[in-house]
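This note's numbering numbers the first residue of the sequence shown as 128 and each following residue consecutively. All C-beta atoms in this analysis are idealised placements derived from N, C-alpha and C, irrespective of residue type, glycine included. All values derive from a computational prediction rather than experimental measurement. To start, the structure itself, in structure tokens.
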Amino acid sequence: MIPRADLGPATRETQTDLIRVFILDDHELVRRGLQELLEGEGFQVVGSSGSAVEATRRIPALHPDVSVLDARLPDGTGIEVCRDVRSVDSRLNCLILTSFDDEQALRGAVLAGARGYVLKEIGGTDLIGAMRRAAAGESLFDDGVAASIVESLVAPQQVDPRIAGLTPQERRVLELVGGGLTNRQIAGEMFLAEKTVKNYVSSLLAKLGFERRTQAAVYIANKAVPAQSPAPTPVRRTPLRPSRVRTIPPLPTQGPTPRGIGGRWSGGKAAAN
């Protein structure tokens, strides 16, 4: 279980010390339940929305410490919102909250730069811990997740000679381009000079046969999150299931089961059906 951080009296007393949160979910009861839970645990909800388009516009302006994003929305996905807002400012922290145990969406969350991917069945206490960690810029994913995703792109069953011809650094740059980051943001992530990143981008675009970085971004997104194709046989990589990737343990199979945001909060303050 994720250890619960001790806010301390000083943190609760000063408004400036509150963790600022934006909530994106198309169900009003879920938004209200989340807000009630968070405001009782040292968070300040600075905005909420049920629209992916609206959230994409508002999050960079509000600059919350963490945005909790529903994975599936009527006008888009939380993963797309995460990618888009981080392309504006890579310092923005996003946590994907979903009802679906979906490996393809999990891969998309990693490539979009999300700090974590958690299921809505999670207990309130564990969600609070996950959000504190995400707000601090900490990843909830195992260290090997990103590497496993890149490795899956070059598995023999779906090998693309163009990808196989990229150097490890070029593959990492390609992954970040797929996440919507600019050259400057990639330079910051990889501790490289912006000119060096520009050279990597030019090289990988030439190897892939693309003229624009947007083509590379679409390519990497399609390779990481195929629409209908069956999953290939894993090759020397750890299966990327949410129960392994996030450090939040699955709910117990016996005994009393804590309810997450699909039901009553563990604190008993709010309910959402």
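Under 9 Å, do residue i and residue j count as touching if we go by C-beta distance?
{"i": "T309", "j": "S214", "result": "yes"}
{"i": "T204", "j": "G235", "result": "yes"}
{"i": "C221", "j": "L189", "result": "no"}
{"i": "R147", "j": "V193", "result": "yes"}
{"i": "G292", "j": "K334", "result": "yes"}
{"i": "I255", "j": "L165", "result": "yes"}
For residue i, count the other beta carbons within 10 Å of its own beta carbon; 16 or more makes it buried, fewer makes it exposed. Which is it?
{"i": "D287", "result": "exposed"}
{"i": "V345", "result": "exposed"}
{"i": "F318", "result": "exposed"}
{"i": "T183", "result": "buried"}
{"i": "E168", "result": "buried"}
{"i": "P201", "result": "exposed"}
{"i": "D295", "result": "The question names Asp, but residue 295 in the sequence shown is Pro. With fewer than 16 Cβ atoms within 10 Å of its Cβ, P295 is classed as exposed."}
{"i": "R158", "result": "buried"}
From the DSSP output, read off the bridge partner residues of residue i.
{"i": "V304", "result": "Answer by DSSP bridge pairing: none, since V304 is not bridged."}
{"i": "E146", "result": "Rather than Glu, the amino acid found at residue 146 in this sequence is Ile. Per DSSP, F170."}
{"i": "T204", "result": "R199"}
{"i": "V193", "result": "V148"}
{"i": "S176", "result": "L151"}
Which same chain residues end up closer than 6 Å to residue i when comparing Cβ atoms and leaving out the 5 residues on each side of it in sequence?
{"i": "S266", "result": "R242"}
{"i": "G336", "result": "none"}
{"i": "I347", "result": "L301 and G305"}
{"i": "L161", "result": "I150"}
{"i": "Q312", "result": "S217"}
{"i": "Q171", "result": "L145 and R147"}
Whose C-beta lies closer than 8 Å to the C-beta of residue i among residues of the same chain, with five residues either side of it excluded?
{"i": "R185", "result": "F149, G174 and S176"}
{"i": "E316", "result": "S217, L303 and L308"}
{"i": "P187", "result": "V212, V215, D216 and L219"}
{"i": "E321", "result": "N310, R311 and A314"}
Sorted by chain position, which residues of the same chain lie with C-beta nearer than 7 Å to residue i's C-beta, five sequence neighbours on each side aside?
{"i": "S330", "result": "E297"}
{"i": "D153", "result": "G177, D197, L200 and P201"}
Can you list the alpha helix (DSSP H) stretches of 4 or more residues lying completely in the segment 208 to 257, in chain order? 230 to 239
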